[in-house]
Structures are given as structure tokens and as C-alpha cells.
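Trainee:
Numbering (the working numbering), first residue to last: 4 to 280.
1) Which runs of the alpha helix (DSSP H) spanning at least 4 residues fall entirely within the region 50 to 108, listed in chain order?
2) Classify residue 244 as buried or exposed, calling it buried when 16 or more other Cβ atoms lie within 10 Å of its own Cβ.
3) State the CB to CB distance for the pair residue 204 and residue 256, rounded to an integer number of angstroms; the pair is presumed to be in contact (CB under 8 Å).
4) Whose C-alpha, out of 183, 148 and 154, is nearest the C-alpha of residue 213?
5) In this structure, how does DSSP classify residue 277 when only helix, strand and coil are distinguished?
6) Look up residue 39 in the DSSP assignment and give the residues it is bridged to.
7) In the region 149 to 221, which residue ranges form an unbroken beta strand (DSSP E) of at least 3 residues, counting only runs that do not cross its ends?
8) Tell me whether residue 232 counts as near the ligand SAH, meaning its Cβ is closer than 7 Å to at least one heavy atom of that ligand.
9) Find out if the Cβ-Cβ distance for the pair residue 123, residue 157 is shorter than 8 Å.
10) For residue 93 versus residue 113, is the C-beta spacing smaller than 8 Å?
11) Examine the Cβ distances between the region 134 to 152 and the region 22 to 32 and report whether three or more of them are shorter than 8 Å.
12) Between residue 178 and residue 55, which are expected to be in contact by the criterion C-beta below 8 Å, what is the C-beta distance as a whole number of angstroms?
13) Measuring CA to CA, which of 143, 176 and 173 is closest to residue 162?
14) Of the choices 233, 125 and 260, whose alpha-carbon is the least far from that of residue 210?
15) Touch check for the region 131 to 140 and the region 99 to 110: three-plus C-beta pairs under 8 Å?
16) Three or more C-beta pairs closer than 8 Å, one from the region 264 to 274 and one from the region 247 to 255: is that the case here?
17) Taking the CB atoms as reference points, tell me whether residue 220 and residue 277 lie closer together than 8 Å.
18) Note down, in chain order, each residue of its chain lying with its Cβ closer than 6 Å to the Cβ of residue 116, except the 5 sequence neighbours on either side.
19) Relative to the alpha-carbon of residue 146, which residue among 263, 19 and 46 has its alpha-carbon at the smallest distance?
20) List the endpoints of the continuous beta strand (DSSP E) containing residue 134.
21) So, under 8 Å CB-CB, residue 58 and residue 17 are touching, yes? Tell me the CB distance rounded to an integer number of Å.
22) Among the residues of its own chain, which have a CB less than 6 Å from the CB of residue 71, if the five just before and after it don't count?
23) Could you please give the first and the last residue of the uninterrupted alpha helix (DSSP H) stretch that includes residue 25?
24) Just the C-alpha distance for residue 130 and residue 167, rounded to the nearest angstrom, thanks.
25) Taking the C-alpha atoms as reference points, what is the distance between residue 284 and residue 200?
26) Taking only the alpha-carbon atoms, compute the straight-line gap between residue 229 and residue 197 and give it to the nearest angstrom.
27) Please report the distance separating the alpha-carbon of residue 132 from that of residue 52.
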């Protein structure tokens, strides 16, 4: 089949992450797509987290309807907020704000996928009902989580931009995404090579695509909003917030946006997902 989803449990748990990694083959890959040579960092970070459950209310819904909300400019002035808020599970990513944009993107967030560099650090964005899912790309990310939850001084070295220096979420609200979800996105969905030529920057899936993979693992029905990019107009808005334009995305060397858009088109054409935008 075009997409196969074995029901992998999406979050790592302190007591069995090594065993799970062996079972899924994550022990054969180094970060970002596995735990090889970073086991100690995973162990430290996971020791700071209270639990690894999906969260109390989600477990009880027999048929989970999910919407994955991308940060695309296509969401502007579509007033989809109320519709988005009607889903059982709402997955958002990085620092796509809801405050001030409720009419277009809704106000509820079940899961928010983030990196140390993209997690909210201003308490104005705090939501007690959100579970933050850390997508780990390097050992430094795990060390950061361990430091920030232990109230230690954060060293900002080794990040592509300044990471959050304070944590607005409780440790019980944080999960670590199983790298096998990201690996599946890269190799099985986007067919990225396992090795890139020396001169080429290795490509990784966008957070949006990783979020869609996560949705397929925890939802029965997956809808999308905010994933359409208009490449023809370089001056069109990249996001539904801020003033970055499409040209900034076109220049991105770390993502293969064309491959992702092709894949999304296939998902939509084959009715695996419903596209709201």
C-alpha cells in the first residue's frame, strides 16, 4: 500500500526506550533518526519527564478525528478557527501562535511539535491542555531538555539559532517523539537517501510532515489545514503570522519542499487525508 502505518507507540518512555529501539531498529541509526550513541542523552532527558502517555482524554475517544494545522499563509482570512477547534485532536507545530489568530486557526492545541529552537518561551503562549512533543535532531537537544527541566544554566552552543532559555510548560506536559516516526517520514514517505553526497546538505522532513506521520499513528481520521504553498508568487506570505515570504522557503537547503508537496498531493488525491485549505 502507498502508506503503511504499523501502530508504533509515538512517544519514548524511560523504562523501555532501549528495548523499543532494538525492536524498531532505531539502535542502528544515529540521531536524528535513531538513538545509537545517544542512549545516555535520551536516558537523562527521559528521567526528567513524569510520564509518556498519550494523555488522559485522548485514550478514551474510540474514533479519534485529528486535524494537523500547518503554519502556511493559506490560512489567512479563511476563518477556519471554529472548524479546527471541533476536532478531537489538534496538532500544531513550532511557534505557530493561536493568540491573536483564533478566528483563522482556532484556539485549542492537543499536541505541539517543537525543537529547542522553536518552542514557545513567552508565558503568554502557555496552554495547560497542550502536550509538547520534542522532535530530537541532535544530542544537544536532549541535553538542553535535561538542563532546562533541572533549572540549570543553558548553554546556547550547538544550536542553529538561540534555543529557549526558560521552560513555560510543566514537565508532565512534555514528551519525546520516537525517532522512528521521523525516520519513517524521511525514508518511507519521502524516499530520502540514507546518505547524502558530501557536497550536499542532508535533507530532513519539515515539522509539518513529521506531524502528519504522527497523526497517522494516533488518529483514525486525519485532516489537514495550512499546508499549501504558492511557489509561483515569491512574495506571498509564508506563514499565517509574521511577514516572511515564500522566497525564504524556496531558499531552504535542509528541506525538500517539492518532494513534500508531491507526497501531500498523493495523500489528498488518494483520500488518505482531507485537505481543509
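Note that beta-carbon positions come from the ideal geometry of N, C-alpha and C, so glycine has one too. Computed from a predicted model, the values in this text were never measured in an experiment.
Mentor: Quick look at the numbers:
1) For the region 50 to 108, the continuous alpha helix (DSSP H) assignments of 4+ residues that do not extend past its boundaries occur at 59 to 63, 84 to 88 and 105 to 108, in sequence order.
2) Here residue 244 refers to the residue found at position 241 when the chain shown is read from its first residue. Result: buried.
3) Position 201 of the chain shown holds residue 204. Position 253 of the chain shown holds residue 256. With a Cβ gap of about 5 Å, residue 204 and residue 256 count as contacting.
4) Locating residue 213 in the chain shown gives position 210, where the first residue counts as 1. For the residues 183, 148 and 154, the minimum Cα distance to residue 213 belongs to 183.
5) The residue you call residue 277 lines up with position 274 of the chain shown. Residue state, collapsed to three classes: strand.
6) Residue mapping note: residue 39 aligns to position 36 of the chain shown, counting from 1. Within the DSSP bridge table, the entry for residue 39 names 33 as partners.
7) Runs of beta strand (DSSP E) with 3 or more residues, each lying fully within the region 149 to 221, are found at 177 to 179, listed in chain order.
8) Absence of the ligand SAH from the depicted structure is noted, as is the absence of any ligand whatsoever, leaving it without description.
9) Your numbering for residue 123 matches position 120 in the chain shown. Your numbering for residue 157 matches position 154 in the chain shown. It is not a contact, given that the beta carbons lie outside the stated cut-off.
10) Position 90 of the chain shown, counted from the start, is the residue given in the question as residue 93. Position 110 of the chain shown, counted from the start, is the residue given in the question as residue 113. Yes. Within cutoff.
11) The region 134 to 152 makes no contact with the region 22 to 32, as fewer than three CB pairs between them are under 8 Å.
12) Taking the first residue of the chain shown as 1, we reach residue 178 at position 175. Taking the first residue of the chain shown as 1, we reach residue 55 at position 52. Between residue 55 and residue 178 the Cβ distance is about 6 Å, and since that is below 8 Å, they are a contact.
13) The residue labelled residue 162 in the question sits at position 159 within the chain shown. Per the Cα distances, 143.
14) If you number the chain shown from 1, residue 210 lands on position 207. The option with the nearest alpha carbon to residue 210 is 260.
15) Inter-segment contact for the region 131 to 140 and the region 99 to 110 is absent: fewer than three beta-carbon pairs are separated by less than 8 Å.
16) Counting C-beta pairs with one atom in each stretch, the region 264 to 274 and the region 247 to 255 have fewer than three that are closer than 8 Å, which means they do not touch.
17) Within the chain shown, the letter at position 217 stands for residue 220. Within the chain shown, the letter at position 274 stands for residue 277. Going by C-beta atoms, residue 220 is not nearer than 8 Å to residue 277.
18) Here residue 116 refers to the residue found at position 113 of the chain shown. Counting only Cβ-Cβ distances below 6 Å, and skipping sequence neighbours, we find 96, 136, 138, 210 and 214.
19) Numbered from 1 along the chain shown, position 143 holds the residue referred to as residue 146. For residue 146, the nearest C-alpha among the options comes from 46.
20) One-based indexing of the chain shown puts residue 134 at position 131. Residues 134 to 137.
21) Here the question's residue 58 lines up with position 55 in the chain shown. Here the question's residue 17 lines up with position 14 in the chain shown. A Cβ-Cβ distance of about 17 Å is found for the pair residue 58 and residue 17, leaving them out of contact under the 8 Å criterion.
22) Along the chain shown, one-based indexing puts residue 71 at 68. 94, 214, 215, 218 and 227, listed in sequence order.
23) Position 22 of the chain shown, counted from the start, is the residue given in the question as residue 25. Looking at the DSSP string, the run of the alpha helix (DSSP H) that includes residue 25 is 20 to 27.
24) By one-based count along the chain shown, residue 130 stands at place 127. By one-based count along the chain shown, residue 167 stands at place 164. For residue 130 and residue 167, the distance between alpha carbons rounds to 17 Å.
25) Because the chain spans 4 through 280 in this model, residue 284 falls outside it and cannot be assessed.
26) Locating residue 229 in the chain shown gives position 226, counting from the first residue. Locating residue 197 in the chain shown gives position 194, counting from the first residue. Distance between the alpha carbons of residue 229 and residue 197: 29 Å.
27) For the purposes of this step, residue 132 is identified with residue 129 of the chain shown, where counting begins at 1. For the purposes of this step, residue 52 is identified with residue 49 of the chain shown, where counting begins at 1. Each residue's Cα considered, the two are about 17 Å apart.
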